[in-house]
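In the numbering used here, the protein residues as written are 473 to 816.
Written below as structure tokens is the structure these notes are about.
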Ligand SMILES: *[C@@H]1O[C@H](CO)[C@@H](O)[C@H](O)[C@H]1NC(C)=O
Ligand SMILES: *[C@@H]1O[C@H](CO)[C@@H](O)[C@H](O)[C@H]1NC(C)=O
Ligand SMILES: *[C@@H]1O[C@H](CO)[C@@H](O)[C@H](O)[C@H]1NC(C)=O
């Protein structure tokens with residue numbers, strides 16, 4: 473055997489033993505042991521909550537294992553004693569529309585520092601009843617976001633699949649250092665407000681190697697987002713990747729250092745978009761970089777809309793000649809390169 477092969481085999485053996493040791497020392501909390509049932513009927517959210525509380529208060533690094541089942545809205549709170557791992561192995565589905573849609577979110581993590589959400593499993597909110605309510609404008613409930621991180625730091629979400637959310641698939645708010653990769657987020661292109669990922673008030677968020685096709689933005693970036701990096705995103709159908717809307721309030725956090733690269737947009741109405749309201753606001757959008765983007769059958773590959781007004785009912789001239797210009801400062805430093813034509 474050549475020396476190199478021997479070396480690399482030994483290396484992998486050492487690596488495997490190291491991984492095994494890590495798994496053995498981490499404590500496992502399987503929701504089945506806390507009463508979860510995969511019979512398609514039992515609501516396993518109380519079991520999940522119990523497993524989380526036990527793991528979160530454990531003095532060693534812990535893994536919560538979820539095989540599959542029906543889970544109603546559940547809010548999981550930190551801070552935890554040690555880093556947490558969450559392994560979603562199979563499919564979890566939402567209960568009926570009536571019991572989910574009054575909640576703001578389906579599965580949420582709050583104030584957790586140090587979390588890996590792995591396992592490659594699927595969450596399916598079965599949002600179609602909720603969408604039909606919305607389409608008929610029947611005075612519908614709020615509609616749950618499927619997966620949300622609120623006030624969390626140092627989180628890895630790897631391999632999560634989310635189907636047919638009622639509202640936003642993944643919502644990130646008030647978080648720091650979040651990496652999301654190998655995601656698949658899917659909803660029909662006519663489902664209302666089913667954004668793939670919505671981010672606000674967060675710093676250092678990366679979305680990598682992910683496939684997102686929904687009825688709204690693949691990724692939308694709201695006020696207070698800084699240092700966000702998106703790479704190898706396959707987006708479509710949907711409304712593309714949007715910064716905004718920004719400047720809806722007189723006092724608002726800005727958006728800065730946003731980069732989208734090596735991504736493909738197919739059958740979307742926009743590619744990359746920046747949308748700001750025509751209103752007095754101190755909000756700014758700064759240092760946005762779009763590189764190596766491929767647009768296939770995209771209506772507006774790059775669009776910067778400084779008079780965003782979705783209902784077309786905004787009073788005109790709110791910036792008024794006498795308004796102090798620094799209050800409406802919009803700075804653009806956009807590097808453009810796209811394979812097709814650019815519309816500004
Ligand atoms: C960011 O979070 C990851 C976990 O996803 C962690 O490994 C890494 O150390 C964190 N980085 C910083 C600078 O804290
Ligand atoms: C706008 O003002 C608010 C409150 O004064 C502040 O918190 C926010 O950071 C400001 N936005 C920008 C972009 O400076
Ligand atoms: C182009 O995209 C639109 C949606 O924006 C879609 O309806 C149409 O079928 C697409 N055309 C092709 C040739 O894929």
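Yeah, the Cβ is synthetic: ideal placement off N, Cα and C, and Gly gets one too.
(1) Could you tell me the alpha carbon to alpha carbon distance between residue 687 and residue 531, rounded to whole angstroms?
(2) For residue 570, count the other beta carbons within 10 Å of its own beta carbon; 16 or more makes it buried, fewer makes it exposed. Which is it?
(3) Ligand 3: which residues have Cβ under 5 angstroms from any of its heavy atoms, chain order?
(4) Please report the distance separating the alpha-carbon of residue 635 from that of residue 645.
(5) Under DSSP, the alpha helix (DSSP H) around residue 518 begins and ends at which residues?
(6) Which of the three DSSP states is assigned to residue 604 in this structure?
(7) Any heavy atom of ligand 2 closer than 7 angstroms to the beta-carbon of residue 756?
(8) Who are the Cβ neighbours of residue 728 in its own chain at under 6 angstroms, not counting the five residues just before and after it?
(9) Secondary structure at residue 703, three-state DSSP: helix, strand or coil?
(10) Listed by chain order, which residues have C-beta atoms less than 6 angstroms from any heavy atom of ligand 1?
(11) Of all the options 615, 589 and 596, which has the alpha carbon lying nearest to the alpha carbon of residue 624?
(12) Distance check for residue 515 and residue 521, CA to CA, integer angstroms please.
(13) Run the CB neighbour count on residue 528, radius 10 Å, all protein chains shown included, and call it buried at 16 or more, exposed below.
(14) Considering only residues of the same chain and omitting the five flanking positions on each side of residue 465, which have a CB-CB separation below 7 angstroms?
(15) Quick one: does the C-beta of residue 698 sit closer than 7 angstroms to a heavy atom of ligand 2?
(16) For residue 673, which of 654, 653, 581 and 696 has the nearest alpha-carbon?
(17) To the nearest whole angstrom, what separates the beta carbons of residue 540 and residue 511, a pair I think is in contact under 8 angstroms?
(18) Taking just the CA atoms, how far does residue 765 sit from residue 772?
(19) Do you know offhand how far residue 734's Cα is from residue 679's?
(20) Within the same chain, show all residues whose beta-carbon is closer than 7 angstroms to that of residue 574, passing over the 5 residues directly before and after it, in chain order.
(21) Using 7 angstroms as the cut-off, classify the Cβ of residue 751 as near or not near the heavy atoms of ligand 2, replying yes or no.
(22) What's the C-alpha gap between residue 767 and residue 732?
Let me lay it out:
(1) 43 angstroms
(2) exposed
(3) 739 and 769
(4) 21 angstroms
(5) 517-528
(6) helix
(7) yes
(8) 698, 758 and 759
(9) strand
(10) 626, 627, 628, 649 and 651
(11) 589
(12) 11 angstroms
(13) buried
(14) Outside the displayed range of the chain (473 to 816) lies residue 465, so it cannot be described from this structure.
(15) no
(16) 696
(17) Rounded, the Cβ-Cβ distance is 10 angstroms, inconsistent with contact.
(18) 13 angstroms
(19) 12 angstroms
(20) 613 and 614
(21) no
(22) 13 angstroms
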